[in-house]
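Residue numbers (this note's numbering): 2 to 114. Cβ atoms here follow ideal geometry from the backbone N, Cα and C, with glycine treated the same way. What follows is one structure encoded as structure tokens, with my remarks underneath.
See the structure below:
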């Protein structure tokens, strides 16, 4: 009887941990998708000298992570459940990072070609 109870507890523990990992993985995938779309939108929005699609997509990913982290700190909740809100804040974050990147690189692409 003790072995069966232990086996049931182990199975439940594995299912709970697996569920938590899958939830985290799904959130990360959603933020990556939002970040890439935000980088594309920010690239279109911030056209001008030094527009670099690949660099801006990377900055979109960073802006997405930055905006998600900042909004969680401000208590505004998780935006991976709200695609449009996440996209808006991620695009703003990406545009800010693109602007900062241009400020520090004098408008040159963020990596050499």
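Name the two residues that bound the continuous alpha helix (DSSP H) containing residue 23. 3-46
With H, G and I counted as helix, E and B as strand and the rest as coil, what does DSSP make of residue 83? coil
Rounded to the nearest angstrom, what separates residue 64 and residue 9 at their Cα positions? 43 Å
Give a yes or no on contact between the region 30-44 and the region 55-63, applying the rule of three or more CB pairs nearer than 8 Å. yes
Are residue 86 and residue 32 closer than 7 Å when you measure CB to CB? no
Look up residue 98 in the DSSP assignment and say whether it is helix, strand or coil. helix
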